[in-house]
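Enquirer:
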Amino acid sequence: MTDAPKPLAQGDLAQTPLAHVLLSLLDRGLDGTLAIWPEGRSGQDRVLFEQGVPVDARLLEPAATLERGLLPLFQRERGPYAFYGSDLVGETKLRGAVDPYHLLAASLRGGFRSDVVDAVIARYGDRPVRVNASTALARFELIPKERAVLDVLRAEPQSVRALADTTGEPKIVSRLLYLLAITQQLELFTGEVGRKSLVETAIASPAGSPAPSAKPSPQPTPSAKPKDEFEETFFVPPSGSTPASQPSASPRATSGAAPRPSTSPQTTPSSPSRPSTPEPSTRRPGDPEPAPPMPTGLAAEHEKRWREIVSYSETIDTQNFFEMLGVSQTASPDE
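Letter by letter, the sequence shown follows residues 11 to 345 in my numbering.
#1: How about the stretch 58-75 and the stretch 41-48: do they share at least three Cβ pairs that are nearer than 8 Å?
#2: For a quick check, are the C-beta atoms of residue 187 and residue 153 less than 7 Å apart?
#3: Kindly list the residues whose CB is nearer than 7 Å to the CB of residue 217, restricted to its own chain and excluding five residues on each side of it in sequence; keep chain order.
#4: In the DSSP assignment, find the beta strand (DSSP E) that holds residue 63 and state where it starts and stops.
#5: Could you pull the DSSP bridge partners for residue 22 from this structure?
#6: May I ask which residues mark the beginning and end of the alpha helix (DSSP H) holding residue 99?
#7: Out of 69, 171 and 182, state which residue places its alpha-carbon closest to the alpha-carbon of residue 102.
#8: By how many angstroms is the C-alpha of residue 144 removed from the C-alpha of residue 150?
#9: Taking the C-alpha atoms as reference points, what is the distance between residue 51 and residue 147?
#10: On a Cα-Cα basis, can you pick out the residue from 181, 313, 126 and 108 that is closest to residue 25?
#11: Count Cβ pairs between the stretch 84-91 and the stretch 111-123 that sit closer than 8 Å; are there 3 or more?
#12: For residue 73, I'd like the list of residues in its chain whose CB is within less than 7 Å of its CB, leaving aside the five on either flank, ordered along the chain.
#13: Would you tell me roughly how many angstroms separate the C-alpha atoms of residue 304 and residue 321, rounded to the nearest one?
#14: Three-state secondary structure (DSSP) at residue 397?
#15: Within 10 angstroms of its Cβ, does residue 366 collect 16 or more other Cβ (buried), or is it exposed?
#16: Would you report the Cα separation of residue 30 and residue 21, rounded to the nearest angstrom?
#17: Count the other C-beta atoms from every protein chain shown that fall within 10 angstroms of the C-beta of residue 17, then say buried if there are 16 or more, exposed otherwise.
#18: Indicate whether residue 137 and residue 198 have their beta-carbon atoms separated by less than 7 Å.
#19: Determine which residues share a DSSP beta bridge with residue 141 and list them.
#20: May I ask you to list the residues that DSSP assigns as paired with residue 57?
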């Protein structure tokens with residue numbers, strides 16, 4: 011008789027929303043099965059992951075595609091879940107990978123927990139935010155209204171409240187900024203926001219602190235961070251440890267249900283690498299590489315042009331779209 015599999019991680023959706031569980035699996039690139047138990051109903055939904063990406067599922071409700079089958083799970087506000095390091099799904103007609111970023115964006119359009127979203131975006135307060143230099147935005151496959159809000163934010167960093175007022179789309183602003191925040195695409199803007207220019211300024215530092223060019227101080231370990239309101243109970247054992255009684259990954263063994271996780275608190279010697287709701291980042295996207303030295307033997311007019319280009323390249327990252335194009339923000343469409 012095969013022993014019941016032991017979960018690598020377990021918790022409750024009331025403390026750790028499914029979106030945050032999904033990102034934990036993606037961050038770690040885990041292979042295995044996520045089992046989710048619904049309230050007031052027998053059975054469980056099981057989702058198979060490969061390298062942190064959902065690729066198949068056995069669901070309580072029938073679905074035409076894997077994406078459509080997974081979306082309703084994000085609406086659950088509570089219920090136990092557990093992750094097992096083995097295949098408890100096998101292969102179904104839903105087989106096919108779904109990009110987690112696209113799945114998260116689509117799930118928020120169907121509604122979201124306002125308490126979770128508010129807790130995340132409240133961390134930015136009334137300070138201006140901006141999208142960082144990540145190239146992952148295309149993976150969200152944003153709809154036109156979301157892209158319009160994103161374009162406004164890209165044009166000029168602003169606070170959450172100001173962005174909602176500017177666009178007239180407070181719900182879209184909330185869900186979009188939440189999405190950007192939990193996927194680490196959003197950061198605080200620490201410069202001065204002006205009508206005609208955006209000038210990046212250094213954060214004021216106390217006397218005796220190192221100059222900006224000095225080597226940064228070591229980052230605090232995850233355990234030193236303040237506990238988040240939605241701190242996940244999701245964890246993975248230390249490297250090299252193996253949970254006991256793991257069944258072999260065999261399709262024949264996938265028809266049985268995963269054991270319901272214990273409701274007693276579980277301890278872990280390691281903290282998750284990503285908190286459920288990340289701290290607002292003050293990191294500035296990577297500064298450009300310094301310009302190469304001026305070639306020797308240039309004519310005077312070419313030397314002047316070289317210096318102009320170098321000067322422009324060093325300041326373009328501090329400009330908004332209007333300044334990059336050399337257009338006044340008060341210009342009319344006919345100008």
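Cβ coordinates follow ideal geometry from the N, Cα and C atoms, glycine included.
Expert: In brief:
#1: Result yes; three or more Cβ-Cβ pairs closer than 8 Å.
#2: It is not a contact, given that the beta carbons lie outside the stated cut-off.
#3: With a pLDDT of 40 at residue 217, under the threshold of 50, the modelled position of that residue is not reliable, and the figure given next carries that caveat. Cβ contact annotation for residue 217 (same chain, cutoff 7 Å, sequence separation greater than five): none.
#4: For residue 63, the uninterrupted beta strand (DSSP E) segment begins and ends at 63-68.
#5: Per DSSP, the beta-bridge partners of residue 22 are 90.
#6: Per DSSP, residue 99 lies in no alpha helix (DSSP H) segment and is marked neither H nor E.
#7: The option with the nearest alpha carbon to residue 102 is 69.
#8: Each residue's alpha carbon lies about 12 Å from the other.
#9: Near 37 Å, if we compare the C-alpha coordinates of residue 147 and residue 51.
#10: Here the closest residue by C-alpha is 126.
#11: Here the stretch 84-91 lies against the stretch 111-123, with 3 or more beta-carbon pairs under 8 Å apart.
#12: Counting only Cβ-Cβ distances below 7 Å, and skipping sequence neighbours, we find 79 and 104.
#13: In a straight line, the C-alpha of residue 304 is about 13 Å away from that of residue 321.
#14: Because the chain in this structure spans residues 11 to 345, residue 397 falls outside the shown range and cannot be described.
#15: This structure cannot speak to residue 366, because the chain is shown only from 11 to 345.
#16: Each residue's alpha carbon lies about 12 Å from the other.
#17: Under a 10 Å Cβ-count criterion, residue 17 is classified as buried, with 16 or more other Cβ atoms of the shown protein chains found around its own Cβ.
#18: In this structure, residue 198 lies closer than 7 Å to residue 137 by Cβ.
#19: Partner(s): 196.
#20: Residue 57 pairs with 44 and 67.
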